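Participant:
4 protein chains.
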Amino acid sequence: MASKESTPDVSRRSERSRRAIFDAALALVGEVGYPKTTVEGIAARAGVGKQTIYRWWRSKADVLLDAFLDLSEQAAEAAGQAPYAIPDTGDLAADLKGVLRATVDELQDPAFAAPSRALAAEGVVNEELGRRFVARLLLPQLELYADRLRSAQRAGQVRADIDPRIALELFVSPLAQRWLQHTGPISYEYTDTLVDYALNGLAPR
Amino acid sequence: MASKESTPDVSRRSERSRRAIFDAALALVGEVGYPKTTVEGIAARAGVGKQTIYRWWRSKADVLLDAFLDLSEQAAEAAGQAPYAIPDTGDLAADLKGVLRATVDELQDPAFAAPSRALAAEGVVNEELGRRFVARLLLPQLELYADRLRSAQRAGQVRADIDPRIALELFVSPLAQRWLQHTGPISYEYTDTLVDYALNGLAPR
Amino acid sequence: MASKESTPDVSRRSERSRRAIFDAALALVGEVGYPKTTVEGIAARAGVGKQTIYRWWRSKADVLLDAFLDLSEQAAEAAGQAPYAIPDTGDLAADLKGVLRATVDELQDPAFAAPSRALAAEGVVNEELGRRFVARLLLPQLELYADRLRSAQRAGQVRADIDPRIALELFVSPLAQRWLQHTGPISYEYTDTLVDYALNGLAPR
Amino acid sequence: MASKESTPDVSRRSERSRRAIFDAALALVGEVGYPKTTVEGIAARAGVGKQTIYRWWRSKADVLLDAFLDLSEQAAEAAGQAPYAIPDTGDLAADLKGVLRATVDELQDPAFAAPSRALAAEGVVNEELGRRFVARLLLPQLELYADRLRSAQRAGQVRADIDPRIALELFVSPLAQRWLQHTGPISYEYTDTLVDYALNGLAPR
DNA sequence: ACGTAACCGAGACGGTACGTCAAGTCTTTCG
DNA sequence: CGAAAGACTTGACGTACCGTCTCGGTTACGT
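Protein chains in written order, with the working numbering: chain E, 1 to 205; chain X, 1 to 205; chain U, 1 to 205; chain R, 1 to 205.
1) I'd like to check one pair, Leu194 of chain E with Ile166 of chain X: are the Cβ atoms closer than 9 Å?
2) Taking DSSP as the reference, what is the three-state secondary structure of Lys97 of chain E?
3) Looking at Val48 of chain X: is its Cβ nearer than 9 Å to the Cβ of Ser17 of chain X?
4) Please list the terminal residues of the continuous alpha helix (DSSP H) segment that includes Thr52 of chain R.
5) Leu69 of chain E and Leu137 of chain E look like a contact to me (Cβ under 8 Å); what is the Cβ gap, rounded to whole Å?
6) To the nearest angstrom, how far is it from the Cα of His182 of chain E to the Cα of Thr37 of chain X?
7) Look at the Cβ atom of Leu213 of chain X, then the Cβ atom of Leu175 of chain X, and state whether they are nearer than 9 Å.
8) Among R:Gln177, R:Ala120 and R:Pro115, which one has its Cα closest to the Cα of Ala135 of chain R?
9) Ala44 of chain R: which of R:Arg159, R:Arg117 and R:Asp23 sits nearest, CA to CA?
10) Would you verify that the beta carbon of Val134 of chain R is, or is not, closer than 9 Å to some beta carbon of chain U?
11) Can you tell which of U:Ile162, U:Ala114, U:Ser14 and U:Val172 has the C-alpha that lies nearest to the C-alpha of Tyr145 of chain U?
12) Quick one: is Ser173 of chain X near chain E, going by C-beta distance under 9 Å?
13) If you measure beta-carbon to beta-carbon, which residues of the stretch 3-35 of chain R are closer than 8 Å to chain U?
14) Kindly indicate which three-state DSSP category Gln81 of chain E falls into: helix, strand or coil?
15) Between which two residues does the alpha helix (DSSP H) containing Asp9 of chain X stretch?
16) Quick check on Gln177 of chain X: buried or exposed, where buried means 16 or more other Cβ atoms within 10 Å of its Cβ?
17) Three-state secondary structure (DSSP) at Val104 of chain E?
18) Following the continuous alpha helix (DSSP H) through Gln181 of chain U, name the residue where it begins and the one where it ends.
19) Closest to Pro35 of chain X by C-alpha separation, out of E:Arg55, E:Val158, E:Val124 and E:Phe112, would be which residue?
20) How about Leu180 of chain U and Pro164 of chain U: do their beta carbons lie closer than 9 Å?
21) Is the Cβ-Cβ distance between Arg132 of chain R and Arg205 of chain U less than 9 Å?
22) Which chain U residues are close to Ala118 of chain R, counting only those with a beta carbon under 9 Å from its beta carbon?
23) If you drop the 5 nearest sequence neighbours on each side, which residues of the same chain put their C-beta closer than 8 Å to that of Asn126 of chain E?
24) Tyr188 of chain X lies in the alpha helix (DSSP H); which residues open and close that run?
25) Compile a chain-ordered list of the residues in the stretch 191-205 of chain U whose CB is closer than 8 Å to at least one CB of chain R.
26) Would Ile186 of chain R count as contacting chain U if we go by Cβ distances under 9 Å?
27) Cβ atoms of Ser151 of chain U and Asp88 of chain U: under 9 Å apart, would you say?
28) Could you name the residues of the stretch 141-170 of chain R whose beta carbon sits closer than 8 Å to any beta carbon of chain U, in the order they occur along the chain?
29) Quick one: which chain U residues come within Cβ less than 8 Å of Leu138 of chain R?
30) Have a look at R:Gly98, R:Gly90, R:Ser59 and R:Leu142 and flag the residue whose alpha-carbon is nearest the alpha-carbon of Gly156 of chain R.
31) Excluding sequence positions up to five away, which residues of its chain have a Cβ less than 7 Å from the Cβ of Thr98 of chain E?
32) Would you mind sorting Glu122 of chain X into buried or exposed? The rule is 16 or more other CB atoms within 10 Å of its CB.
33) How many angstroms separate the CA atom of Ala160 of chain U from the CA atom of Leu139 of chain U?
34) Please confirm whether Ala121 of chain X has its beta-carbon closer than 9 Å to some beta-carbon of chain E.
35) Using beta carbons (cut-off 9 Å, strictly below), is Ala176 of chain E in contact with chain X?
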């Protein structure tokens, strides 16, 4: 006996509509911004009835989260073999700088930045969505940094008593904050500096 | 020569209404959250005409920004002599840990956290407001950390070639991100660790 | 080929709402008067969204015009066989006096008078609505008088060179003006007198 | 002890403001129509504070009524000796036709027609103002017709048993209704016909 | 092969809040 | 102290979207 509240029959779902909704949602967020993106607008642009959106998602933010996850997966596939893993050349600083430079590029691509920023903002204020955003998008990425740091610990390049989950925030969070809150400019030089400071510390040796 | 679009005659403004609007706005954000706080609701709660709000502010976010700045100023005054300055006991680590612990407390006070979070969220998506939020609230506070770090540089506790404006982000941004995006728990232990990592670096010495 | 500005899909329209709106509009005009009747009030009383009114009508006056036309049609149906036709007993004076006496009664029934007066007033100042009011309500009624006068001409009771469309105004317009502009009292005696004066003229014979 | 609600000290009243308000009110009604004429607009156009209007009048309609009365008086003065009286040449039909032709001209002069129509409309719906409009503008004019008819009765041109107050409506009201409600065109020929029909009646002699 | 049960596009529905406008009141400033 | 200026409270306006609820139509099984 299926629950009354469960999603409708998934097997009959129109893949065409799903794709059109994702495309419309991402396009609208990029074009007019998140606040002016409306469910009504997404439905119209996707050539879809409003109810088709409400049948499968609970809110505008929900749609966008799925659309963005879908986008990320597609991007990952397009990127080929090692889609999302931090290289391990043995040179920790160089590896981190490389990944952060790629992130800088990504953050400046409007197609990626607009929905990402919108979801982050919504997550700040809507805790439930925020937790899903973090769990499905942010944490997996952070975990890659943690893995790389653990590897560095085994190689003796990072002290053994360091908590990798916290350590990674030393260079990731500053970039995140500058980007989200416009508290400063973003550049390769900046992220390189973050890695240097974080690895070597501020105090004289 | 007053511009046609400038705000109306400020000298005639009702201080009573201004205060009531601030109080109502902060109270509502705290009680029902930012999205459910409406201009109409603020006006009603403040016993003020809606037009009186639109006469002086352009949006809900604008009102809240001013209300929150006002709150901060009052809090600063109430805090007495050294309202917003980081102590300088000579022990950099201890001083930073102390201030961050105070910040942790503040971030857990709902009266302060709700509007702050709302403004941060709005600023993420509304760049114009975001820049004002940063310029009027965030940067002044960050500058205090920069000052303390400069003092530490003079005392030889921080390397001279370090850029204080970037260095401070090593411990401030992680806390900010955990708070804003719920990427992890917040505690005294956590901020203490951040300061230790940031000052000493991750690499073995 | 439907015009872009045409009313929405009429076949899907809710008859229930339409009726409720008419009832509410007529009731409110009767109770609080036309100027204090608001679209918002009609919607609330009808248990209907405001947008449902604006979807189908352009203004308060438009709603009221349709509501009143609907009322007239219902009254006509209720009146039975010969709903709106002037009797033709052969005695022109008696027939006209009878109809005018009925009109006097109608003009003193508040349920009928309030919306009628409101529409007339609006029509005086809003030419577009005025023309519709006249075309759909006033002229059809006047035409009945013209018909009766033509019949009287064929019977030799009215001179053949008389223009019936003007002639009818001799007894209809005075009543209309007294009612609309409060220029004098209204009674059976008054309308009887009008008919006598109009048929026989003022000059001695 | 003066009542709180009495008008303020009339002797100190600014004639300059009073005139400017009248001019502004009449101009605005002519230019944008009655509904779009606002007290705020009148005050602005007259270079006067809004309160100066509310001090001396109770409503927009009140202002306009006084403005129109003032205009009528000025017009009357300008017209010279016998400002408002119906000529008495002994030929009743000719005298009435002449006056009605002049009225036709007046009704087509926008400077006169716009405020007049506006006041009539307001009077239809606002009984209190309507009665003042009628008493101060309409009835005095009707009385002139009544006087002329009484004179005709003394001359034996109108039957003695005719009530002049009702008789005059036979030709005045039709013109009024056509003008107010757009129920038909207005012309010299039309008003001439009205006089003929009214004096001679519709029935064959 | 055919009913019947779902999804689908469309869009009307009852609502909430928006941002604007004007009403009429109240307060401040000036002559 | 009257008048100008204009800020105030109030409340209707007409618009934009919300999330729900029909409406036909078109698949896509299940018997």
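Quick reminder that beta carbons are idealized off the backbone N, C-alpha and C, glycines included. As the structure is a prediction and not an experimental result, all values here were calculated from the model.
Facilitator: This is what the structure gives:
1) yes
2) Helix.
3) yes
4) Lys50 to Trp56
5) 7 Å
6) 25 Å
7) Beyond the ends of chain X as shown, which are 1 and 205, falls residue 213 of chain X; an answer cannot be given.
8) R:Ala120
9) R:Asp23
10) yes
11) U:Val172
12) Closer than 9 Å: yes.
13) Answer in chain order: Gly33, Tyr34 and Pro35.
14) Since pLDDT at Gln81 of chain E reaches only 49, below the 50 mark, its modelled position is unreliable, and the value read off the structure follows with that caveat. Three-state result, Gln81 of chain E: coil.
15) From DSSP, Asp9 of chain X is part of no alpha helix (DSSP H); its letter is neither H nor E.
16) buried
17) helix
18) Here the alpha helix (DSSP H) through Gln181 of chain U covers Glu169 to Gln181.
19) Comparing C-alpha distances from Pro35 of chain X to each of E:Arg55, E:Val158, E:Val124 and E:Phe112 shows the shortest one belongs to E:Val124.
20) no
21) no
22) Using a Cβ-Cβ cut-off of 9 Å, Ala118 of chain R is close to Val124 and Val125 of chain U, given in chain order.
23) Counting only Cβ-Cβ distances below 8 Å, and skipping sequence neighbours, we find Ala61.
24) Tyr188 to Asn200
25) Thr193, Leu194, Tyr197, Ala198, Leu199, Asn200, Gly201, Leu202, Ala203, Pro204 and Arg205
26) Output row for Ile186 of chain R: interface = no.
27) yes
28) Leu142, Leu149, Gly156, Gln157, Val158, Arg159, Ile162, Asp163, Arg165, Ile166, Ala167, Glu169 and Leu170
29) Annotation: Cβ neighbours of Leu138 of chain R in chain U (cutoff 8 Å, chain order): Gln181 and Thr183.
30) When each option's Cα is compared against that of Gly156 of chain R, the closest is R:Gly90.
31) With the sequence shown as reference, residue 98 of chain E is identified as Gly, and Thr is not the correct amino acid for it. Excluding sequence neighbours, Gly98 of chain E sits near Pro87.
32) Counting Cβ neighbours within 10 Å, Glu122 of chain X comes out buried, since at least 16 surround it.
33) 22 Å
34) yes
35) Yes, Ala176 of chain E counts as interfacial toward chain X.
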